[in-house]
Every structure is written in C-alpha cells, then in structure tokens.
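Enquirer:
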Amino acid sequence: MPQEYIDFISVAAHDISRLKGVIDNFLAEDDVHVELEIPTQPLNNELSEIDEFFSRCESYLNAGYIPIGDLDETGFLCIDTCMDGIFIKRFDYEWCMDFTTREEFESDGIVVFDCFEDFMSCFFEGKKYDATKCEDYND
Numbered sequence: 001m002p003q004e005y006i007d008f009i010s011v012a013a014h015d016i017s018r019l020k021g022v023i024d025n026f027l028a029e030d031d032v033h034v035e036l037e038i039p040t041q042p043l044n045n046e047l048s049e050i051d052e053f054f055s056r057c058e059s060y061l062n063a064g065y066i067p068i069g070d071l072d073e074t075g076f077l078c079i080d081t082c083m084d085g086i087f088i089k090r091f092d093y094e095w096c097m098d099f100t101t102r103e104e105f106e107s108d109g110i111v112v113f114d115c116f117e118d119f120m121s122c123f124f125e126g127k128k129y130d131a132t133k134c135e136d137y138n139d
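What the sequence shown shows, in the UniProt record's numbering, is residues 1 to 139, in sequence order.
Next comes the structure, spelled out in structure tokens:
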C-alpha cells in the first residue's frame, strides 16, 4: 500500500463521508464539480468502514487498485499500485461491473490525478485541479 494512502487513513478518526472538488478538463468539460464519497473512520473503530468498503471492491484490489471512494456515484477512484509513482484512476461502474482481470480494468480506467498531493489539494484544500496534465496517460 502506498505510504501516502497509509498516511491519509492514519491521520485521525473522522466522520467525513463526502469531499467536494472542482476539476478542469475532466471528461472533456471545464469546472466540473465533483463529490467523492469516502468511508468514514469512526473513533475507536477507525478501519471498520474501510475494511467493509474494501470487501465490496475485491476485484479492484485483486487487479492492483486500491479504492479511495465513489466519485459522483458513477465509479470508483482508485490508486494504481502497479504504475511507477502514485496514479489515481477513475473506473465507471457501468463498464467495470464484471471485470476480474487487470487487463480489463486497464481498458476502462482513466488517470485523473498523477500524484496523491494533487488529489489532496483538490478535495481537502479546495484547489481547482487541471486534469490536462494526465491526458498523455489516457491516450
């Protein structure tokens, strides 16, 4: 598991379940307002919600992706553990429901963030993120 993600889930217990962000040049649109639903981390039971979330995402984990949350109720944002660096990809539920192999997931996933810091800035600091820097990864 990438250290940045371990740090992210280790910071503290929280009741936050929805994060809001704005992404430019996302799915061919500008100023896209997005919501990311993440597992809460209740006090004294911090990993229970994450464990439950991961149990629903076993095929993603087996293919080398760590789900972070549900983006706009259309698909998961996941850390790709097989790429050099930390890349966060979006997978559309409609296409990925029956996927079981990494090759199938790779055919649909699009890189949204090419580093964890940009993800954190977008959703926790409220900075608009420009996704054009990831276009080369999605060709």
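Even glycine gets a Cβ: it sits at the ideal position worked out from N, Cα and C.
By the DSSP assignment, the alpha helix (DSSP H) with E37 in it spans what residues?
Expert: Reading the sequence shown from its first residue, position 37 is the one you call residue 37. Taken as a continuous stretch (DSSP letters only), E37 belongs to no alpha helix (DSSP H), being part of the beta strand (DSSP E) at V32 to E37.
Enquirer: Check this for me: beta carbons of R90 and I110, under 8 angstroms apart or not?
Expert: Reading the sequence shown from its first residue, position 90 is the one you call residue 90. Reading the sequence shown from its first residue, position 110 is the one you call residue 110. Result yes, Cβ atoms of R90 and I110 sit closer than 8 angstroms.
Enquirer: Going by the DSSP bridge assignment, what does D80 pair with across the sheet?
Expert: By one-based count along the sequence shown, residue 80 stands at place 80. Beta-bridge pairing links D80 to Y65 and F87.
Enquirer: Let me check understanding here. Comparing Cα to Cα, which of D15, E104 and E73 lies closest to E46?
Expert: By one-based count along the sequence shown, residue 46 stands at place 46. Measuring from the Cα of E46, the nearest candidate turns out to be D15.
Enquirer: Going by DSSP, name the residue or residues bridged to Y129.
Expert: Reading the sequence shown from its first residue, position 129 is the one you call residue 129. I23.
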